[in-house]
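Chemist: The structure under discussion is supplied below as structure tokens; questions concerning it will follow.
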Amino acid sequence: MPIRVKDVLKLDGFKHARIVAGEGGLSNIVNNANLMEVPDIFPYVDAHNLLITTLYPIYNDETATDQLIPRLSELNLAGICIKPVRYIEEIKPIMIEQANDLDFPIIELPQGSNLSDLVAEILALSLKNHIDMLQFRNQVHQNFMELFLKGEEIDSLVNSLSKIVQFPTILLDNDFNITHMSKDLDGQNPSIILNPNNQNSNSFKIETKDAIYDEDTYVKHHINAGKTRFGYIVLLKGKDENPNLKIAIEQASLLIASVFYKNNAVLEKEKGFQDVFIRDVLQGKIYSPIEMINKAKTFGWNMEFPMSIMTIKLLMEDNSKKRALIEEILDSRFIEKILEDRLIINSNKIKVVYIDDSIVIFINVIFMKNIKDNCIEVGNVIANRLKGKSKVGIGISNIIDNVNRFSQAYKEAQSCVVAGTVLYNDSFVNHYSDFEIFDIIKEVKDMDILNKYVDSKLGKIIEHDKTNDMKLMETLRVLIENNFNIKKSAESLFIHYNTLRYRIDRITELGIKIDNGFDIGELVLAYNIYLWIASQ
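Converting from the sequence shown to the numbering used here requires adding 9 to each position, the first position being numbered 1.
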């Protein structure tokens, strides 16, 4: 505990001393004591010193005595002890007035006080306090090192810290989600309330069943290992100002960071094995359902059929920003949380991995109704969550009902993403069932035939778009999506009706026929072949 002015007044040498001004500063911290032996005392004192004096060096200097209290307060001293009578008859009223205004304690010492003894008594108390702090630091260090050497995990460390400091303890991740808490919070249902005025700040409150804690009533310390931040430790201290809490939380953060770091190293190794397994699954290299399901369990994945694959690709050019955002997405586990909340799926039936520059999600749909609609809805929630950070392309496969479907389903999801990059300027969510014509197109093994067909039907539009900004291929896409309804298509393109009419005229001038159903059918087929070729 820090020594305060009110603690000094309890010492034997201060039994008959009295506070005559500045009672509002009785909680000022006292780190040391000094005798005032020279007129110009200011260079020789430090913050939180308690000055003890008869005022002899300045008793006959009215200006100096009038300026003493403001100057000492400005230097953040704890207060002043004055022994009057011998050199001054009484403490001047102006000094008392100043001290009250500044909450700067003035302690009047009785006759017979030995100033040197008073200083020595304060120093002895300060030394004892410092020794207690060192002993506490050593105790904390020894306790935590014993736990570390035993290989204790995070839960045990959090509970041990709580017992040492005798306050409830919480661990938060980098997004301020509660990941661990001490047992004394069981039944308290703690929750984090972020500052609504600044979502990016570290400002928050913690609400429990019995209390609300703000920045004045909790202690927060980050958990770092090198350049990696794993989150925060928070002690719910209430109004306790024990500085030893800072020591304990610093020691605990170092140890918890090392455990996180060790666990991460293990997870990275496991992730390497997991990635090999996932690649084998997606490439169709595992033929035995039993082998695949058992291997999946070793990675915490309860694989059940049917399922669907969703691929998420961040469509941004800055690779460093993309890599950072991918790490943020995976570390925060917000995708898993969305799937759990929206689709009511247990986390062990979801697998989210990063592979081939995409986030790949395996979704259990065994009890899901309206599978396509629900998956698209979740895709849109994810895309909206990432809005403002990156353009996102999301592709969703058809149902996987056996181990032999993984490879094809993965290609389906990838094709949806590539097709979307051709179709849309903004983020998108595509389901492969909307591109099932691809299944027919891919049966044509001769790519030259497909390319020639696209060139004969769309070649002039494609070439026109390379040198003009009329966006005729985009116009054609929207016309197809709206069954060639010009009014709806103009609204979808956010252009004037007459502007769209002009574009259609330009399309027909290029020899593209849209006069009858057969022409339109061939055009739609050519467009889908164009998309399929682009997706390969």
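The beta-carbon is built from N, C-alpha and C at its ideal position, and this holds for glycine as well. Model, not experiment: these values are computed from the prediction.
Whole alpha helix (DSSP H) runs in the segment 88-173 with 4 or more residues, listed along the chain?
Modeler: Correct list: 102-111 and 124-158.
Chemist: Mark TYR4 as exposed unless 16 or more other C-beta atoms lie within 10 angstroms of its C-beta, in which case mark it buried.
Modeler: Residue 4 lies beyond the range of the chain shown here (10 to 545); nothing can be said about it.
Chemist: Beta carbon of ILE542, beta carbon of LEU532: below 8 Å?
Modeler: No. Outside cutoff.
Chemist: By DSSP, does ASN303 sit in helix, in strand, or in coil?
Modeler: Residue state, collapsed to three classes: helix.
Chemist: Does DSSP put VAL362 in a helix, a strand or coil?
Modeler: Note: VAL362 maps to strand in three-state DSSP.
Chemist: Are the segment 120-129 and the segment 71-87 in contact at 8 Å, needing three or more beta carbon pairs?
Modeler: With a cut-off of 8 Å, the segment 71-87 and the segment 120-129 do not count as touching, because too few Cβ pairs lie within range.
Chemist: Please report how far the alpha carbon of LEU134 lies from the alpha carbon of LYS396, in whole angstroms.
Modeler: Roughly 59 Å between the two C-alpha positions.
Chemist: Determine, using beta carbons only, whether ILE408 and PHE415 come nearer to each other than 8 Å.
Modeler: Their beta carbons are not under 8 Å apart, which means ILE408 does not touch PHE415 by this criterion.
Chemist: For the segment 97-111 and the segment 27-42, state whether three or more C-beta atom pairs, one from each stretch, are separated by less than 8 Å.
Modeler: Verdict: yes, contact present.
Chemist: Would you check if there are 3 or more beta carbon pairs closer than 8 Å linking the segment 429-442 to the segment 376-394?
Modeler: Flag = yes, the segment 429-442 and the segment 376-394 touch.
Chemist: Contact between the segment 278-297 and the segment 412-429: three or more CB pairs below 8 Å?
Modeler: The segment 278-297 vs the segment 412-429: in contact.
Chemist: Going by the DSSP bridge assignment, what does TYR241 pair with across the sheet?
Modeler: According to DSSP, which records beta bridges pairwise, TYR241 is partnered with LEU181 and HIS231.
Chemist: By alpha-carbon positions, which one of GLU500, LYS469 and SER406 ends up nearest to TYR536?
Modeler: Of GLU500, LYS469 and SER406, the residue nearest in Cα terms is LYS469.
Chemist: Going by other Cβ atoms of all chains shown within 10 Å of its Cβ, with 16 needed for buried, is LYS92 buried or exposed?
Modeler: Looking at its Cβ environment, which holds 16 or more other Cβ atoms inside 10 Å, LYS92 is buried.
Chemist: Would you call MET319 buried or exposed, if buried means 16 or more other Cβ atoms sit within 10 Å of its Cβ?
Modeler: By the 10 Å Cβ count, MET319 comes out buried.
Chemist: Taking 8 Å as the cut-off, does the segment 390-406 touch the segment 341-356 (at least 3 CB pairs, one atom from each stretch)?
Modeler: Yes, they touch.
Chemist: Using the three-state DSSP reduction, which class does ILE287 fall into: helix, strand or coil?
Modeler: Reduced to three states, the DSSP call for ILE287 is helix.
Chemist: From the DSSP output, in three-state form, read off ALA54 for me.
Modeler: Here the sequence assigns Val to residue 54, which means Ala is not the residue at that position. In the structure shown, VAL54 sits in coil (DSSP, three-state: anything other than H, G, I, E or B).
Chemist: Going by DSSP, name the residue or residues bridged to LYS330.
Modeler: Answer by DSSP bridge pairing: none, since LYS330 is not bridged.
Chemist: What does the alpha-carbon distance come out to for the pair ILE221 and ILE232?
Modeler: So the alpha carbons of these two residues sit roughly 23 Å apart.
Chemist: Kindly indicate which residue of GLU326, GLU349 and VAL374 has the alpha-carbon position closest to the one of PRO315.
Modeler: Comparing Cα-Cα distances from PRO315 to each of GLU326, GLU349 and VAL374, the minimum goes to VAL374.
Chemist: Going by the beta-carbon positions, is the gap between VAL47 and GLU162 smaller than 8 Å?
Modeler: Not in contact: VAL47 and GLU162 (Cβ atoms no closer than 8 Å).
Chemist: Using the beta-carbon count (16 or more within 10 Å), is ILE2 buried or exposed?
Modeler: This structure gives no information on residue 2, because the portion of the chain shown stretches from 10 to 545.
Chemist: For ALA428 and LYS330, what's the separation of their Cα atoms in angstroms?
Modeler: Those two C-alpha atoms are separated by around 24 Å.
Chemist: I'd like to know if the segment 137-152 and the segment 228-242 are in contact, where contact means that at least 3 CB-CB pairs between them fall below 8 Å.
Modeler: Touching, no, given that fewer than three Cβ pairs across the two stretches are closer than 8 Å.
Chemist: In the DSSP assignment, find the beta strand (DSSP E) that holds VAL427 and state where it starts and stops.
Modeler: Per DSSP, VAL427 belongs to no beta strand (DSSP E); it is in the alpha helix (DSSP H), 415-432.
Chemist: Which residues does DSSP list as the beta-bridge partners of VAL401?
Modeler: According to DSSP, which records beta bridges pairwise, VAL401 is partnered with LEU323.
Chemist: Measuring straight from C-alpha to C-alpha, what distance separates GLU326 and GLU336?
Modeler: Near 16 Å, if we compare the C-alpha coordinates of GLU336 and GLU326.
Chemist: Please classify TYR241 as buried or exposed, where buried requires at least 16 neighbouring CB atoms within 10 angstroms.
Modeler: Flag for TYR241 reads buried.
Chemist: What residue range does the alpha helix (DSSP H) around GLU216 cover?
Modeler: Looking at the DSSP string, GLU216 is not in any alpha helix (DSSP H); the run it does join, the beta strand (DSSP E), is 213-216.
Chemist: Alpha carbon to alpha carbon, how far is LYS15 from ASN186? Give it in angstroms, no decimals.
Modeler: Each residue's Cα considered, the two are about 40 Å apart.
Chemist: Taking only the alpha-carbon atoms, compute the straight-line gap between LEU194 and ILE179 and give it to the nearest angstrom.
Modeler: For LEU194 and ILE179, the distance between alpha carbons rounds to 9 Å.
Chemist: Rounded to a whole number of angstroms, what is the C-alpha to C-alpha distance between LEU59 and ASN41?
Modeler: Taking the straight line joining both Cα atoms gives about 6 Å.
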